[in-house]
Structure formats: C-alpha cells, structure tokens
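Take the position in the sequence shown, starting the count at 1, then add 10; the result is the number in my numbering. C-beta: ideal position from N, C-alpha, C; glycine also.
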Amino acid sequence: MLPNLLHAAFQRQFHHTPTLLVRAPGRVNLIGEHTDYNAGFVLPAAIDKAIYFAIRLNNTSIIQLYSYDNHALFTTPTTEVRPESTLWANYLLGVVAQFEKRGISVPGFDCMFGGDVPIGAGLSSSAAVECGLAFALDALLETNLDRMTLAHMAQKAEHEFAGVQCGLMDQFASLFGQDGQVVRLDCRSLEYEYFPFDTITCHIVLCNSGVKHSLASSEYNTRRLECEQGVAVLQRHYPLVQSLRDASLEQLQAHEAELGEVVYRRCRYVVEENIRVEAACQQLAAGNLRAFGEQMYASHAGLRDDYEVSCPELDVLVRLAQAAPGVYGARMMGGGFGGCTINLVEVDHVDEFIRSISAQYEREVGISLETYQTTIVSGVGVLEPVVLQ
Ligand code: GLA
C-alpha cells in the first residue's frame with residue numbers, strides 16, 4: 011500500500027520518521043463544469059485515488075520536498091519561497107506562500123508525496139497536492155484553519171504559483187468529500203449540500219482519452235475572461251448582475267448582438283449549465299438516474315459546441331458511451347481539452363461497457379484506452395501512523 015512505501019522512503023531520504031501521514035483525494039464532477047468561477051453550482055465528489063504525504067518539521071530553515079513519483083528532490087530556504095522552474099514544486103511552494111501571507115511563518119520541513127491520481131487526466135491531482143499540504147501544515151503548525159479557508163488558500167496557490175485562474179471546485183471537493191456522497195456547492199454563498207450516490211448499483215467509470223492538450227491552461231484563462239466580458243455587457247443593462255449566475259437566458263438573448271457571437275455562446279452555456287445542475291440534483295434525489303444522465307449528455311454538448319473546451323477524442327468517447335447499453339450518462343470532465351470522460355454505468359453492464367468502448371476507441375482513435383472505476387470517499391484526512399515490520 012502506497013502510504014507504507016512512502017513512510018519507508020521518507021525514512022531513507024530524510025533519516026527520520028515522519029510525524030504525520032496525510033491522504034488527499036482527487037475528484038470527479040458529475041455535472042456543473044466551468045460554473046465555479048461564474049459563482050454558479052457544481053456537483054463533485056472525492057474519489058479513491060489520492061496523493062499521500064509524509065511530513066515532519068526539521069528544525070532548520072530549509073524546506074525539502076521530495077516527489078516520490080518523479081524521484082526528485084527540491085530544496086529551498088524558507089526565506090526564498092517563490093515560483094520556480096521545477097513545476098511540481100510550485101503547487102507546494104504556493105501553499106507555503108499562502109501561510110506566510112496570513113502572517114504564519116512556516117519553519118523548515120521535510121515532505122515526501124506521491125500517489126495514484128493520474129496526472130493531466132482531469133482528476134485534479136494538483137488540487138490534491140495543494141490541499142494535502144495545506145492540511146498537513148495546518149496540523150503541524152497547529153494553526154486551526156477551517157477547511158473552507160484551506161480550500162481558498164489552495165486555490166490561491168494555483169492562481170499565484172501555477173498561473174491557472176481556477177475556481178474553487180477541485181480544492182473544495184478534495185477537502186469536503188464525504189464517503190458515498192456527492193456534494194453540490196453554491197460557489198457564491200459557499201453553502202453546500204450532500205446527496206447520497208450509490209456506486210454499487212451505478213458505477214462511475216472514467217475513460218482517459220490519453221490526450222493532454224497544452225492549450226488547457228491558456229484557454230481556461232481565456233474562457234474566464236470571456237465570461238467576465240459577458241458580465242460587463244449585461245451590467246450596463248442590469249446593474250444587479252454580478253456574475254453569470256445572476257443572468258437569465260432572456261437577458262442574454264436580448265443583448266446577443268452586443269455580446270458578440272462568441273461571448274454570447276460562452277455565456278449561454280454557463281447559464282444553461284447552472285439550470286442543469288439544479289435539475290440534476292432534484293433528479294438524483296428522486297432516484298431518477300436516467301433523467302440525470304440526460305443532463306450529463308446535454309452538458310457535454312454545451313461544452314463541445316458553445317464553450318468549446320472539448321476535443322475530438324473526448325467527443326468520440328461520449329458518442330460511444332451514448333450508444334452503449336446500460337449507460338445513464340457521460341460527458342467530458344474538468345477543464346477540458348483532454349483528460350477523462352465520466353460515465354455512469356449500470357452495474358451489470360460495466361464489464362461489457364469497458365470492453366467494447368476500449369476496443370472501439372482504439373479502432374477509431376488509435377489510442378489504447380485506460381479506464382478507472384472509482385468509488386466516492388471522504389475528503390483530506392490524517393492516516394494512522396503506519397507500523398512497519
Ligand atoms: C478545472 C478548475 C476548476 C473548474 C473546472 C471546470 O478543474 O480547476 O476550478 O473550473 O476546471 O469546471
């Protein structure tokens with residue numbers, strides 16, 4: 011089991027035992043994509059793929075970070091925490107900087123991390139890294155920050171040290187996940203509500219397109235700006251519109267020409283997606299997975315045609331899923347331009363679904379398909395100290 015390996019590797023690397031072991035999960039999002047930074051609704055869950063941390067204060071003024079998966083060490087004095095060319099280190103240094111910004115001085119520490127959240131698959135490995143360290147430092151330094159504060163600090167780390175102007179969803183999901191439950195977050199009020207999701211009868215199958223588009227972060231920031239442009243136009247007519255969350259389809263239609271063709275489509279997608287999340291939650295609560303799945307297909311169509319963050323490979327995966335028996339719904343997930351689709355599959359059809367979609371994807375696209383079946387677990391937490399033989 012990975013935490014045990016990490017514990018042993020930490021001892022070999024740093025010549026003392028870690029005082030804390032932390033697990034920080036990746037996430038899925040059932041519906042509500044690109045709505046978080048528009049103050050709308052999302053419906054994520056933490057999953058059984060995680061980044062693990064072994065960590066200890068080291069009584070020096072040096073921070074030592076070790077990436078178990080890259081076999082790489084990065085060290086820096088505590089006084090010189092800044093964005094570096096070692097990209098993986100930035101997710102961690104960005105978190106340290108957030109503690110400093112709050113006036114909490116971070117002493118030297120040794121940290122080793124690694125896990126099984128596939129990188130670049132849209133499962134938020136970076137949020138897991140940020141949230142795990144934020145949680146670990148809070149525990150080690152006894153700063154008692156609440157989870158929402160830690161989520162915001164992790165988000166800021168991504169903005170300031172990774173250059174992606176992300177919303178709050180990924181960090182929230184990693185910190186607030188609950189066993190067997192998806193959680194709807196209102197990204198404006200920050201109120202949230204859990205909904206049971208039974209992954210025994212309905213499996214969550216992730217299909218990794220195997221595509222990692224370098225466009226992802228630049229296009230992400232562009233979409234965010236386009237939404238802001240849309241809000242600026244609407245505000246001239248409706249001063250109460252603070253974000254696309256407040257806008258209606260009628261308002262958008264009334265000012266279509268002024269918004270311009272592209273911005274209009276971006277805004278329409280966001281407004282429609284918020285409506286879909288609310289409907290989907292009611293359908294989930296009523297146990298109507300078929301109707302829920304239809305919302306997912308509609309979400310994908312909007313992401314593909316209006317928001318334009320899909321790619322041909324993801325579209326193939328959704329099309330194949332839509333034609334397969336026993337699939338309630340499927341769509342691309344996360345920022346887009348590659349990564350995984352999320353598929354809700356009736357338990358008796360899972361094996362056949364995976365077999366046939368893998369064969370068809372390889373035939374059509376020429377990429378061998380990796381699939382993951384995930385369960386929904388609790389958010390970031392401490393692992394019991396491991397006793398090694
Ligand atoms: C990425 C971001 C999230 C969210 C999604 C799209 O995962 O980190 O904040 O915006 O894309 O829904």
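Sufficient close CB pairs (3 or more, under 8 Å) joining the region 180-196 to the region 51-58: At 8 Å Cβ cutoff, the stretches touch.
Per-residue DSSP class, three states only, for S253: Coil at S253, not helix or strand.
Closer than 5 Å to the ligand GLA: residues, by C-beta to nearest heavy atom, in chain order: With 5 Å as the limit between CB and the heavy atoms of the ligand GLA, the residues that fall short of it are E43, H44, D46, C176, G177, M179, D180, G344 and G345.
Coarse secondary structure for D58, derived from DSSP in three states: Note: D58 maps to strand in three-state DSSP.
Start and end residues, alpha helix (DSSP H) containing E260: Counting along the chain, the alpha helix (DSSP H) containing E260 begins and ends at L259 to A264.
Beta-carbon separation (whole angstroms), L143 vs V105, contact threshold 8 Å: Indeed they touch by this definition, with Cβ atoms about 5 Å apart.
Same chain, Cβ closer than 6 Å to D120, five either side skipped, listed in chain order: Excluding residues within five positions, the ones whose Cβ falls inside 6 Å are F24, R66, N68 and Q74.
Nearest residue (CA-CA) to Y202, options R22, F51, T385 and I377: Of the candidates R22, F51, T385 and I377, the one whose C-alpha sits nearest the C-alpha of Y202 is F51.
Residue burial classification, E152 (beta-carbon count within 10 angstroms, cutoff 16): Classification for E152: exposed.
Where the beta strand (DSSP E) through M122 begins and ends: It spans F119 to G125 - the beta strand (DSSP E) in which M122 sits, taken as one unbroken run.
Distance, H213 Cα to V192 Cα: Approximately 13 Å between the Cα atoms of the pair.
DSSP-derived helix/strand/coil call for V192: Three-state result, V192: strand.
Euclidean distance between Cα positions of N218 and N14: Rounded to whole angstroms, N218 to N14 spans 28 Å at the Cα level.
Residue burial classification, E236 (beta-carbon count within 10 angstroms, cutoff 16): The residue is buried, with at least 16 neighbouring Cβ atoms inside 10 Å.
Three-state secondary structure (DSSP) of E170: E170: helix per DSSP, three-state reduction.
Segment contact, 8 Å Cβ cut-off, at least three pairs: the region 324-340 with the region 354-368: Using a Cβ-Cβ distance cut-off of 8 Å, the region 324-340 and the region 354-368 are in contact, since at least three pairs of beta carbons, one from each stretch, lie closer than that value.
Beta-carbon proximity check, P93 vs A60, cutoff 8 Å: Against a cut-off of 8 Å, the Cβ pair of A60 and P93 comes out as no contact.
Three-state secondary structure assigned by DSSP to V357: DSSP places V357 in helix when its eight states are reduced to three.
Under the three-state DSSP convention, the category I285 falls into: In this structure, I285 counts as helix in the three-state DSSP scheme.
Beta-carbon proximity of C141 to L160, cut-off 8 Å: Contact flag set, yes.
Separation of E168 from L103, as counted between CA atoms: The straight-line gap from Cα to Cα measures roughly 10 Å.
Boundaries of the alpha helix (DSSP H) in which V326 is found, first to last residue: Segment P322 to A333, the alpha helix (DSSP H) holding V326.
beta-carbon E238 near the ligand COA non-hydrogen atom, thresh 7 Å: No copy of the ligand COA appears in this structure; the ligands present are the ligand GLA.
Cβ-based burial, P28 [other Cβ within 10 Å; buried from 16]: Around the beta carbon of P28, 16 or more other beta carbons sit within 10 angstroms, so the residue counts as buried.
Environment of L250 [buried if 16+ CB atoms lie within 10 Å]: It counts as exposed.
Reduced DSSP category for F182 - H, G, I as helix; E, B as strand; rest coil: Of the three classes helix, strand and coil, the one that applies to F182 here is helix, per DSSP.
Start and end residues, beta strand (DSSP E) containing F205: F205 -> beta strand (DSSP E) spans Y202 to P206.
Whole-number beta carbon distance between Y317 and R402, since they are thought to touch under 8 Å: In the structure as shown, the chain starts at 11 and stops at 399, and residue 402 therefore has no counterpart that could be examined.
Backbone CA spacing between V397 and V390 [nearest angstrom]: Residue placement at V397 is poorly supported in this model, since its pLDDT is 47, which falls under 50; the coordinates are not used for a value here.
CA-to-CA distance, A295 to L330, given in whole angstroms: For L330 and A295, the gap between their C-alpha atoms comes out near 27 Å.
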